[in-house]
Amino acid sequence: MQPAHPAKIEFVNHAALLVEYQGTRLLSDPWLSGSAFNDGWDLLCETRMPIERFAEISYIWYSHEHPDHFAPGLLKQIPADLRSGITILYQKTRDRKVLKFCAQLGYLTRELPPGLPVELQPGFTATCGPVPFFDSWLLVDAGGTRILNLNDCVLERPADLEPVRRQAGAVDVLCTQFSYAAWKGNRGDQALRKEAAAANLRIIRSQLQILQ
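Read left to right, the sequence shown gives residues 2 to 213 (this note's numbering).
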């Protein structure tokens, strides 16, 4: 049976996903313009989401601090009058520096305890799971639609994936990295890149099988 109010998922760019359920909108890892890693990376496509749409955003979740996920420049571009309506979600850390930085810019903040569901709105919960050394995944339950976002988490072996499966339970949508996201030889080293791509497909196959 289809839910009366189904969740909507919008791919924004790179690792940025927007989940909407009954007026609540959660945006994950928005890096929407400019370069990252000291001009080492650029977005492949221009982002179509204008900055004005942040008036619609309820929550922003960051998986980790790499600048192609946590982009401080974007947080500073969002108009100051919109920031108090957006809550930044982040995993529990000792120093809380990400949340402190966001709070200084005028955002609301909320720390996510490891592995425990947090109700953001009625029928809309988020569960964050930390992964060594600094990454994290997010399970969103939006009206019964369960979306697991693994982003950059290194979860390749059954031993790594089984704890996630036990915590996440049934999953309807899996969001996972599909590129090798690293330097793989010079222009002529095609075989090296094919090998890396095949390895990524094996990882995705393993994730699908274990997480079902």
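Beta carbons are placed, not taken as given, at the ideal position from N, Cα and C, and that holds for glycine.
Item                                                                                                                             : Value
Beta-carbon separation (whole angstroms), Asp153 vs Asp142, contact threshold 8 Å                                                : With a Cβ gap of about 22 Å, Asp153 and Asp142 do not count as contacting.
Rounded Cβ spacing between Leu117 and Thr128 (contact assumed at less than 8 Å)                                                  : 7 Å
Sequence ranges, alpha helix (DSSP H) only - wholly within the region 81-169, length at least 4                                  : 81-84, 98-105 and 159-169
Cys103 vs Thr110 beta-carbon contact at 8 Å                                                                                      : yes
Reference Val13; option with closest CA among Trp42, Arg194, Tyr181 and Arg54                                                    : Arg54
Neighbourhood of Ile211 by C-beta, 8 Å cutoff - its chain only, sequence neighbours within 5 removed                             : Pro159, Leu162, Glu163 and Arg166
Rounded Cβ spacing between Leu33 and Leu75 (contact assumed at less than 8 Å)                                                    : 6 Å
Glu11 - partner residues in DSSP beta bridges                                                                                    : Leu19
Top-ranked residue by Cα proximity to Asp40, from Asp69, Ile87 and Pro31                                                         : Asp69
For Asp173 and Arg147, believed in contact at Cβ under 8 Å, the rounded distance                                                 : 5 Å
Beta-bridge partners of Trp62, as assigned by DSSP                                                                               : Ser29 and Leu90
Contacts around Asp30, its chain only, beta-carbon distance under 7 Å, and the 5 residues preceding and following it disregarded : Ala16, Ala17, Tyr63, Ser64, His70 and Asn152
Cross-strand partners of Val177 (DSSP beta bridge)                                                                               : The residue asked about is misnamed: residue 177 is Thr in this sequence, not Val. Looking at the DSSP assignment, Thr177 forms a beta bridge with Asn152.
Selected residue, minimal CA-CA separation from Asp82, among Gln168, Ala197 and Ala56                                            : Ala56
Cβ neighbour criterion (16 or more within 10 Å) applied to Cys46                                                                 : exposed
Cβ-Cβ distance between Ala197 and Lys185 below 8 Å                                                                               : yes
DSSP-derived helix/strand/coil call for Ala171                                                                                   : coil
Ala37 (DSSP reduced to helix, strand or coil)                                                                                    : strand
Tyr108 versus Gln191 - alpha carbon distance                                                                                     : 45 Å
Alpha carbon of Gln213 to alpha carbon of Asp96, nearest angstrom                                                                : 35 Å
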